[in-house]
Amino acid sequence: MKKFIYLYPLILLFAASCDISKNDVVPTNSFTKIYDDDRFEQEYYPLDIIQTADEGFLVLSELKNDQSLYTSVLVLKTDAMGAIISKTEMSSPYVLPVNGWQQIGESYYFVCMDENSTTAQLVAVSEEGVLSDPVPLGGITFPLAVNSDGTQFTILSYDNGNSETVISIASTTGQINQQKGYTIGAGVDVEKPIIDHLTRNGDILPFQVGQTKEGLTYFNGFYNYTFSLVFSNFGDDPMGVCQGQLSQGGISEVASLGNNIFGIARFNFGDNYIAPLASIPTNSTTSSTDLAGNTFPEMENKSKVKLLDVGTDKKWLYATSTQNKQVVLYGFNQTSGTILGTSYLGSGNPYTLASVTTTLDGGIAVLAQTSLEGRFPRIAI
């Protein structure tokens, strides 16, 4: 099912402090590791990072696969200082890892796909980085995003037979407890951005799924011809829709504060906005262009944005990439919406954000993609 590959750390980003109330903060404890590969042509596209109870890290990454339409799956386990403990590449037919780690109990999970059947697969990973056999998620094809509430998974997927975006509730054993599909609209032009996303031949779109503080399910994906934020109680029709602009505008990151207030980032035909206190009705149709926010010209066009609720002091931490190929962190007050500070990470090499997570000691760890000699995509922590 899996094979081992050989990576080695080149140089020693880990920020042990998430206080960015001042610009250009220098963390009290930090390190950077770039993981090189003697197979120079190999291309790595990191997805997510999570710290385990032993203070080490699990990294989920994609690998370019010349033998498939889809990317391969890599799981990397490191110690607390980023030294590699194990690295496992899943073999065929398992491909296309989905956006991130989910923790339930003492196990860590991710979702990938069986390329032969296009069925979603749930994979459990131990703290030591050992992968269990994949569990098929019957009835879920072409997975796009996953989230968990600590007991079960909410999965966003694409049903190409019915041209629907599908939300499903699944257990750790692979049982599908609830499921509903919503039309993306008719025609190949509507499907093309989804296929391009799945095969990594076009824009990587910010598909997302989750629950509001009140427990209402939402997804960020295609509905009725456009990339939209959709609210659902698993009824025949959505409860509410915040419409985007086909595939060229919409929400790029969202997190619920409750009472129809959300921290969001959005994109619109090349412009990027951050709105730490956006009011989005969950029971009516609105437009993402009506969500004002502040524009950040330094942000890379269509860059990935990750949003963390850091601590109990009501702060948002936004992480994204700049046009100068650095990772930038923005801190915002969740009550007033005011910006608290900015910090830039990465120098010497180009860095593009993959993910960010909080650590057990109250800090943050940033996962990024970098390039060696400008042409070898690699993983950096």
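Its first residue numbered 265, the sequence shown is counted upward by one per residue in our numbering.
Think of the CB as a built atom: it goes at the ideal place given N, C-alpha and C, for glycine as much as any other residue.
In this text the structure is predicted, and so the values were computed from the model without any measurement.
Given this structure, state the Cα-to-Cα distance separating Gln-512 from Lys-297, to the nearest angstrom.
34 Å
Considering Lys-456, what are the terminal residues of the alpha helix (DSSP H) in which it resides?
452-463
From the DSSP output, in three-state form, read off Asp-378 for me.
strand
8 Å Cβ cutoff met for Ala-644 and Tyr-615:
yes
Proximity winner among Phe-560, Thr-447, Gly-485 and Leu-521, relative to Asp-573 (alpha-carbon distances)
Leu-521
Excluding the 5 residues preceding and the 5 following Gly-626 in the sequence, name in chain order all residues of the same chain whose CB lies nearer than 6 Å to its CB.
none
Beta-carbon contacts of Lys-570 that lie in its chain and below 8 Å, excluding the five residues immediately before and after:
Glu-517, Tyr-582, Ala-583, Thr-584, Leu-617, Ser-619 and Val-620
Just to confirm before moving on: does the CB-CB distance between Lys-341 and Glu-392 stay below 8 Å?
yes
Label Asp-343 either buried or exposed according to how many other C-beta atoms from any shown protein chain fall within 10 Å of its C-beta, with 16 as the threshold for buried.
exposed
Please return the same chain residues whose Cβ sits closer than 7 Å to the Cβ of Asp-318, not counting the five positions on each side in sequence.
Glu-391
Going by the DSSP bridge assignment, what does Ser-371 pair with across the sheet?
Ile-368
So, is Ala-556 buried or exposed, given that buried needs 16 or more other C-beta atoms within 10 angstroms?
exposed
Throw me the rounded Cβ distance for the Ile-419 and Val-473 pair, which I believe falls under 8 Å.
7 Å
Can you name the residues that DSSP bridges to Ser-619?
Leu-631
Helix, strand or coil for Asp-312? Go by DSSP, reduced to three states.
strand
Would DSSP call Thr-584 helix, strand or coil?
strand
Reference Val-339, options Ala-388, Ile-448, Leu-480 and Phe-560, closest by Cα:
Ala-388
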